[in-house]
Amino acid sequence: MAMAGVTAFWLVSLLLVLVPGADWAYAISAGLRHRTIVPAVGGLLAGYVVLTVVVAAGVAALVSRSPLVLTALTAIGAVYLVWLGITTVTSPSTPQATEDEYTGSWMGRAAKGAGISGLNPKALLLFLALLPQFVARGAGMPFAAQIAVLGLVHTANCAVVYVGVGATARRVLRTRPAVATAVSRCSGAAMIVIGVLLLAERLLA
194 MAMAGVTAFW
204 LVSLLLVLVP
214 GADWAYAISA
224 GLRHRTIVPA
234 VGGLLAGYVV
244 LTVVVAAGVA
254 ALVSRSPLVL
264 TALTAIGAVY
274 LVWLGITTVT
284 SPSTPQATED
294 EYTGSWMGRA
304 AKGAGISGLN
314 PKALLLFLAL
324 LPQFVARGAG
334 MPFAAQIAVL
344 GLVHTANCAV
354 VYVGVGATAR
364 RVLRTRPAVA
374 TAVSRCSGAA
384 MIVIGVLLLA
394 ERLLA
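Numbered by my numbering, the letters in the sequence shown go through residues 194 to 398 in order.
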C-alpha cells in the first residue's frame with residue numbers, strides 16, 4: 194500500500210473531522226458536563242472501529258465483483274466533498290453545548306458515543322464512498338486490509354481532534370467562539386478543491 198495514498202487519505206479525513214458536526218457536539222457536551230471525556234470520546238472511536246470492520250468486509254466483496262463500483266463510489270465521494278465544502282463555506286456552524294445536564298454512567302456515555310459515530314451520515318459516506326478510491330488495486334496488501342488501515346487512520350484523526358475539542362470546549366465557547374467557524378470555513382474551501390480534483394481525475398481517466 195503506497196504511503197502517498199495513505200497520506201492523501203489522512204488529509205481528506207482530517208479535513209472532514211475538522212468540520213463541526215454531531216461528533217463535535219457530543220465531545221463538547223462531554224467536555225462541559227463531565228470531569229473526563231474518556232467515555233464519550235472512547236465511544237465515538239469504538240463506533241468508527243466497528244464501522245471500519247463492517248465496511249472492510251462488505252466493500253471488498255462488492256468491488257471484487259465489479260470494478261465499476263469503485264469508479265461510481267469515487268465519483269460519489271468527490272461530489273460529496275464538493276457539496277460538503279460549499280455548505281461549510283456558505284453556512285459554517287459553530288457547535289453549541291446544550292444546557293441540560295447529562296449524568297449517565299461511563300458505559301452509557303460510551304454507548305451513546307458509539308451510536309452517534311456509527312450512525313453518522315457523514316461517516317457512512319466517508320467509509321462507503323471515499324475509502325475505496327485510496328486503495329491500490331493489485332497491491333501486495335489485500336483490499337479489505339487496506340480499507341481497515343485507512344479506517345484506523347480516520348479513527349486516529351478523530352481521536353486527536355475530539356480529545357482536543359472536548360478538553361478545550363469551555364475556553365473556546367466562552368472566549369473564542371469564532372475559532373470553530375474559521376476552522377470550518379478553511380476546511381470547507383480545501384474540501385471543494387480536493388473534490389474537484391478527484392472528480393476531474395476520475396472523469397479524465
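The beta carbon of each residue, even a glycine, is placed where N, CA and C say it ideally should be.
Legend entry - Straight-line Cα distance separating V356 from V231: 8 Å
Inset, instruction - Specify the secondary structure class of N313 as computed by DSSP and reduced to three states. - result: coil
Legend entry - Spatially closest choice to V353 from P335, A375, L238, by CA coordinates: L238
Inset, instruction - Note down, in chain order, each residue of its chain lying with its Cβ closer than 7 Å to the Cβ of L211, except the 5 sequence neighbours on either side. - result: V354, V376, S380
Inset, instruction - Answer with buried or exposed for R228, where buried requires no fewer than 16 other C-beta atoms within 10 angstroms of its C-beta. - result: exposed
Inset, instruction - Measure the Cβ-Cβ separation of V272 and G388 and say whether it is below 8 Å. - result: yes
Legend entry - Run of the alpha helix (DSSP H) containing T348, from where it starts to where it stops: 336–360
Inset, instruction - Please name the residue in T374, A383, L392, G344 whose C-alpha comes closest to that of A247. - result: It should be pointed out that residue 247 corresponds to Val in this sequence rather than to Ala. Minimum Cα distance to V247 is reached at G344.
Inset, instruction - Could you tell me the boundaries of the alpha helix (DSSP H) in which F202 lies? - result: 196–211
Inset, instruction - Please name the residue in T281, G278, L318 whose C-alpha comes closest to that of Y241. - result: L318
Inset, instruction - For the alpha helix (DSSP H) containing S284, list its first residue and its last residue. - result: Where S284 is concerned, there is no enclosing alpha helix (DSSP H), given that its DSSP letter is neither H nor E.
Legend entry - Continuous alpha helix (DSSP H) stretch holding A220: start and end: 215–226
Inset, instruction - Ignore the nearest five residues each way along the sequence and tell me which others in Y219's own chain have a CB closer than 8 Å to its CB. - result: A233, L237, K305, G306, I309
Legend entry - CB-CB length for F202 against V346, believed under 8 Å: 6 Å
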